[in-house]
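Read through the structure below, which is laid out as structure tokens, and then see the notes.
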Amino acid sequence: MRKLSFLLVILLLTAMQVLAQRTITGNVTSADDGNGIPGVTVLVKGTSQGVLTDLDGKYSINVPTGATALQFSFIGMTTQDLALTAANILDVVMQSEAQNIEGVVVTALGITREKKSLGYATQEVKGDAVSAVKSTNFMNSLSGKLSGVQIKKNNNMGGSTNVIIRGSKSLTGSNQVLYVVDGIPVNNNIGSYSSQSTGAVGYDYGNAAGDINPEDIESINVLKGSAATALYGSRAAAGVIMITTKKGKTLKAGEKSQIGVSLNSSITMSSIDKSTFPTYQDKYGAGYGAFYGPDGDAWFDKRTASGALTSTDPNDPLVDWVPTTEDASYGARFDGHPVWGWYSVDPESPWYKQSKPWEAAKNGAITFFEKPVTYSNTIAIDKSGEFGNFRMAYTNFKQTGLMPNSELKKNNFLVNGSWNVTKKLTATASVTYSKQDAVGRNSTGYNDNILSNMRQWAQTNLDYADQKTAYDLTKRNLTWNYNAALNYPIYTDNPYFQRYENYQNDTRTRTIGYFALNYKITDWLDAFGRVSADSYAEFQEERRAVGSVATAFGVSRANQKSGYLRRDNTYSEYNFDFMLNFKKKLGENFNLSGLLGANQRRTNNSFFSNSTNGGLVVPNIYSIQNSISPLPYPVESLPKIGVISQYASVSLGYKDFLFIDGTIRNDYASTLPTNNNKYLYPSVTGAFLFSNLVKTSWMSLGKFRLNYAEVGNLAGFDQLIDTYVVNQPMNGANNALPNTKKNPDLRPENTKSWETGLEMSFFDSRVGFDLALYKSASFDQIMAVPISQTSGYNFLWVNAGEIENKGVEVTLNLNPVRTTDFRWDMNINWSKNNSVVVDLYTDPISGNKITNLVLGSFQGGVTLNATEGQPYGMIQGKDYTYDANGNKIISASSGLPVKSKTATQNLGSVNPDWMGGISNTLSYKGVSLSFLVDMQKGGNIYSLDMYYGLASGLYPETAGNNDLGNPVRDPITDDATSGGYIIEGVNVAGGVSTPNTTRVDATTSDGWGYAVEPHRAFVYDASYVKLREVSLSYAIPFNILSKTFIKGITLSAVGSNLWIISKNLPYADPESGLSAGNIQGYSIGSLPTTRDISFSLKLNF
Amino acid sequence: MVFSACSKLEDLNKNTKDFTAVPGEAVYNGATRAFMNQMFTPNVNSNNNLLWMQHWAETTYPDESRYDMVTRPVPANHMNTLYRPVLANYQEASRIITAKVLVGADVPGQEKVRQNQLAIIEIMSVLAWSNIVETYGDMPYSEALDYTNPSPAYDDAFTIYKDLLSRLDAALSKMTATSAGFPTGFDNIYQGTAAGTAKWMRFANTLKLRMGLMIADVDDALAKTVVESAASNVFLEGEKASMAYLTSSPNQNPVYTELVVSGRSDFVITSILIDAMQPSTPDPATSVLTVTVPDPRLPLFATTLEDGTFKGGAQGSPNGYNNFSHVNLNNVKSTSAVVLMDYTEAEFLLAEAVERGYVVGGTAETHYNNAVTASITSWGGSAVDAAAYLAQPTVAYATAFPTWQQKIGTQAWIAYWFRGFTAWNSFRRLDYPKLIAPAGHVEGIDKVPTRYTYAVSEQTLNGPNYTAAAAAIGGDTPLTKLFWDKY
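Set out below in structure tokens:
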């Protein structure tokens, strides 16, 4: 293509001046591959005098006296002006437009601006950054690549990704970033229901932004602060991820029509990172202690081989049975003697009435998982010409999960185009249709979650291959966890039965599209109008097969042994935008541009869900009408929100070095009371490009920026007028007051923020940094504050509360080596955010201050809180008690730590101290190797897995030897043979501390974990260092392909999450969570993390 | 661009699916159901009285039996349920019914029905309030149930109690025994008929009898007045206040929900109860009663082991589910009724009143025999069995125990099977049977708790008032004795 352009330009360029004072020569190379670029236009700035580079990218130009700079330009690459110095050699590296750091960026409302003129921080990444690793959510690929953006993927199949920019600003509302694709806001609802996020039974249905196809992304620009997002208004208060999709290339004057075809095919194979999965102790098996047998003092249940509790036949004596009711491993030491168990119970079991040796499982929990495979294939065709441009693409994505019987498929179709209807009128339109089908998502939380069992409540003797055999043979729930009568499961189903019978499935179809017209009224004024729609329909089915353990299920969340639930959810958002854009030069020194706009937004949601009640009549028919008991009332809601807005923005540039922008926006929202529903908010930004004022040879760019912004925010749907709760009739109708009192006097919320920054690059952009400092305060938040329940309500909707976020973001770009063939680029991101809950609520009548807001209550008595004076997201629970010197106080009589009386001690915030990422790219000719190290320092995570898993004796920590060299689980004696262990700390008597010497009895499940230690012991530092991504790609050189019809071939291998270099949370990934949202810092039954290695082939024709 | 016309943007915010007005009887019905569920559920997160009263023991996780009120916050859940789903909704039902405009043929007749409805709500409210005071001590009362005051002050428990007694009298005085109450389906205790109204009045008097006796140790004169004015109108033989449940979820009997629907095996019956109901040689330290004639209720309460014997588990320790007797599910169906108060309780209370020297008619022994007999027959035993049981010296009133408190207290304890709060009230008032704290109890709580601690949320949401109340009652601990619990 470059060679073709070369000839083209030769034909066009005919006039060349020869009168000159001196000759400048040099090499023009591509930043992409380091090769010389032929056909680059080299112009003496301010003249029409120029030359083209030759086939090797070399040039030679005669420069007249008084010339100050040369301009280098080439299609698809950023035009560069380089100042002339005394030197006669001037080499240039040309950057592709897409990866250009200092070029044009897309800002709010899709307005393209020169990045250098912006008075706020933005950060751009190329589409490759999210499409190289094939993930169900493109944001997963950005962790560590952006500063100030916390991206937390969890391991749920198709699960949601938590994306927080510059800290949480809302106490109880959404803190998730707004996604905008080609100017269209895209819904990002988090699909979890009924307290799934705090650990109740449920599934993580992902967040809706996961529908955005990474293969279609050209570039991503992150708008971090309120000033950057001011024109989007309140919904962008948490920041915006602006996505520009790939389009047919816009041709420059004289360019010929072109057709591009690209194929991209990849396969990804995943395997478990074992450091994120439990290692079991292998010495002791099932039980809670010696509580079994007829006298309640044996390690095993005593039954006959056929399960009878009494025996009169000496040939059929009572034998040892694994206590099937018990989901812990505090039982007898493995000694290989024959024991009967769950496998001996059922006549269809291959081991009916037979024993197995008492030993650690040969096929432990980890053998349960499958090896996930992901296929992704994309074909795209585009055409550009005088008519405009056009692109069509189709992507097929298929992923099998870690759990048996799990699969996620996506099909994405995209058509977009731009049509030059007349010289003045341009029409653009785009439609994306996507369909996602998932089967067998993993359930999350405490109950009904195989992973919670594996991590908290398990028998180390359980052989998963045996469970599989039992299920495969019978298709029934032959579980390891029979109740005492050995006739049905007590707590836990056979995991294979659960995966193959109690699976869920869901489908989401989505259409996003717009139609826009742009009319050039004059050369300085455009009128733009657009209608856009984002709509999706979700359908979800959840099942419990007949024969399952009773668990919370259905719309009532009552315990049910079988059942069927379906949800139908549709969502749509329509936006009507009208804008007048102007751009005018005022005299020599001033550039004025701006816009006037209006927007009308409507969102409609329709949710309907129902389920069977009391179980299924006919097994295996999953239908609402197959209900034993009368149906419960369905869940039904129709929320609607409308906002009408007007906005204006004006930008004034002075002499290309000083830029002032101002915006103002007025919103009129449907969700606020009539007298408070219109609100106005401004922003002002300034950029001082001092490198354009004071030109030096060593400074390529120097910019100082400063901004201030306010953003108002509306209430949610239906927070003004009280309505009653309708419960199932108890003979007669049954109504009740709601637990939250609504408020007809709500006002809009407000956020005020300041930001300043310094951006510099030196030595021909080989060293550069961007530093941002910011502070934001969000106050008058609309939230439901808890009030004393004796008032008759649990919560009251009010305007109250304030969160302040302060932070620093640094991006550092280095280019340590840059030769013709070899190039090394380094990018470092570092950011730190400090949040503090400044104020919560003061009751205006009594003056009573509420200083703590519970965001989530977890199993085990731990809570996540917004606490006045503390960072947002404070884990609270019971702490140790300490003496004056900070030693843990241990009871001299029991040897156990003395726990704090209350469970409201601050145990640590979930927010990281800082986050960082270091990426390196090494390229040599067509080969490129890059690796990214992603890290988080600090932050805390509470592990319910360890809280229970230690008490149930799963982990090696509970089965080693004590300080005397004796098995810790041996009984306590007064001599050197004693078991038990000593918890480090002091006994306090009469105010005097002495080192604790009392042993804790560890013969039963009371010896470890939650029974012994306070919550503090299970709060872990969530720091990590991960080798997040390593990629190796090879682009076959142009000269090899030049005689074929193929324009480019790229082969690449990418590994992601290859190595957790460092972490402190045992047996789990500190990033693992239940789902995206405000509830974080809770590790419970998460899937292990996988190492993903993908191979892909990209072809361009 | 043409924007579609919209009459008013604010109209979008209308919730078209939920009600802004509902009938008062539906609110009363919902509140009563919530009340009954809370009082009778054995769910370890909501109610632990059957464990504290040592009828039941736990199998694997004995936290509640050991008086742990933090791991599962029972005091907070109980308080929350009684104030919000129960009392706030009773108040709302009253408000709606009071505001209802009566139209049609017989306005005076309708007015009588309205007054009966309001009185029924008042009786149930007094019952709920009395439980709150008996459970926690001082609590928000005069300033409670008003969202405009989100941090109400606590009132003195005895002051509240006296006010409740006068509210009960006022409610009784408004009732017309020949008029109906709530429409059918909304009163699930007495079905709302005129005959039901008369029963409501006897129920109110039985409640008054109990409330009078509750304060006997602290204000004998007032107790005497209250008891004597109520005694002649209490439950007759066979009468009770109970609520039957339905066949399907979510309106199933709460014990059935926890024992059957849950599919779990969390509870066994204690050796303390089993050993008190059959001839045995229990540990004298924990024994509360020895019998030679087995209690006819034992097979009705408990299941046998495979060998046909009854055996109880240890209170406060883990127990193998297999090894001990369980709750006999023949008496626990999804539709089974829960019993708020009954003739058995009325007779035990009358026996106590006689012993306290109040003029209520009859002898303590007669009332005692009536109570025990009624208990046995109400569970399905025969009068003959009851007589044989009563005849044995350790049960017969004359010879059973040295004090009337122990005689009545021990038998009442057995009779209040499934009625945890009633049993706990009786135990605290009479101080019998002698239940002791199990080994492994939470450090410092070495006796059966005499109150629930305040909800932890009150410390943060109503701090100054909480602190004052805790000081006023003598400390927010489970062992603080409440104003009426002198001994």
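Taken in order, these protein sequences are the chains called A and B. So in the working numbering, spot 879 of the first sequence is number 879, and the numbers just go up one at a time. Numbers in the working numbering are just positions in the second sequence, counted from 1, shifted up by 1101. Backbone N, C-alpha and C define an ideal beta-carbon position, used for all residues, glycine too.
Using the Cα positions of residue i and residue j, report the straight-line distance between them to the nearest angstrom.
i: B/V1362; j: A/A733; result: 24 Å
i: A/V549; j: A/L929; result: 51 Å
i: A/D526; j: A/S649; result: 14 Å
i: A/Y352; j: B/R1173; result: 40 Å
i: A/T756; j: A/S226; result: 12 Å
i: A/A20; j: A/S48; result: Interpretation of A/A20 is limited by its pLDDT of 44, a score under 50 that renders its predicted location unreliable; the figure taken from the coordinates is listed afterwards. Rounded to the nearest angstrom, the two C-alpha atoms are 14 Å apart.
i: A/T921; j: A/S683; result: 38 Å
i: A/E1071; j: A/I941; result: 9 Å
i: B/I1233; j: B/R1552; result: 10 Å
i: A/K584; j: A/S174; result: 40 Å
i: A/L855; j: A/T172; result: 7 Å
i: B/R1398; j: B/L1337; result: 22 Å
i: A/F291; j: A/L932; result: 53 Å
i: B/L1246; j: B/V1204; result: 31 Å
i: B/K1535; j: A/Y488; result: 39 Å
i: A/E542; j: A/Y464; result: 25 Å
i: B/K1109; j: A/S572; result: 20 Å
Looking at the secondary structure, which residues open and close the alpha helix (DSSP H) in which residue i lies?
i: B/Y1469; result: A1465 to S1479
i: B/M1378; result: S1372 to M1378
i: B/R1268; result: A1258 to K1275
i: B/S1527; result: G1521 to L1531
i: A/D472; result: Y464 to T474
For residue i, list the residues DSSP reports as bridge partners.
i: B/S1426; result: Note: B/S1426 sits in no beta bridge, so no partner.
i: A/E114; result: A/V104
Which residue's Cα is closest to the Cα of residue i: the options?
i: A/G233; options: A/N750, A/I889 and A/K126; result: A/N750
i: A/L840; options: A/D825, A/Q459 and A/Q781; result: A/Q781
i: A/S726; options: A/D667, A/E636 and A/M946; result: Looking at the sequence shown, residue 726 of chain A is not Ser but Val. Checked all of A/D667, A/E636 and A/M946; the closest Cα to A/V726 is A/E636.
i: A/F590; options: A/K152, A/S651 and A/F607; result: A/S651
i: A/F1102; options: A/G554, A/N35 and A/S430; result: Since the first residue shown for chain A is 1 and the last is 1101, residue 1102 of chain A is missing from the structure and cannot be characterised.
i: A/T25; options: A/A230, A/S60 and A/K832; result: A/S60
i: A/L1102; options: A/L146, A/F763 and A/V106; result: Because chain A is modelled from 1 through 1101, residue 1102 of chain A falls outside the range shown and cannot be assessed.
i: A/V1106; options: A/D975, A/K678 and A/F688; result: Not covered by the structure: residue 1106 of chain A. The range shown for chain A is 1 to 1101.
Over the uninterrupted beta strand (DSSP E) stretch that includes residue i, give me the two end residues.
i: A/A989; result: V986 to A989
i: B/E1446; result: Taken as a continuous stretch (DSSP letters only), B/E1446 belongs to no beta strand (DSSP E), being part of the alpha helix (DSSP H) at Y1444 to E1456.
i: A/K703; result: M699 to N713
i: A/N505; result: N505 to T522
i: A/W419; result: E407 to N420
i: A/P995; result: V992 to P995
i: A/A1139; result: No statement about residue 1139 of chain A is possible, as the shown extent of chain A runs from 1 to 1101 and does not include it.
- Which residues, in order along the segment 781-804 of chain A, keep a beta-carbon less than 9 Å from a beta-carbon of chain B? Within the segment 781-804 of chain A, the residues whose Cβ lies closer than 9 Å to some Cβ of chain B are V785, P786, I787, S788, Q789, T790, S791, G792, Y793, N794 and L796, listed in chain order.
- Message: To be precise: take each residue of the segment 1184-1197 of chain B, compare its Cβ to all Cβ atoms of chain A, and keep it if any distance is under 8 Å. Which residues remain?
- Response: Y1184, R1185, P1186, L1188, A1189, N1190, Q1192 and E1193
- Short-range partners of chain B found in the segment 626-650 of chain A, where Cβ spacing is below 7 Å: S629, P630, E636, S637, L638, K640, I641, G642 and I644
- Message: Any C-beta of chain B within less than 7 Å: which residues of the segment 355-376 of chain A qualify?
- Response: Of all residues in the segment 355-376 of chain A, none has a C-beta nearer than 7 Å to a C-beta of chain B.
- Task: Using a Cβ-Cβ cut-off of less than 9 Å, give me the residues of the segment 663-684 of chain A that come near chain B, in sequence order.
- Result: Y668, A669, S670, T671, L672, P673, T674 and N677
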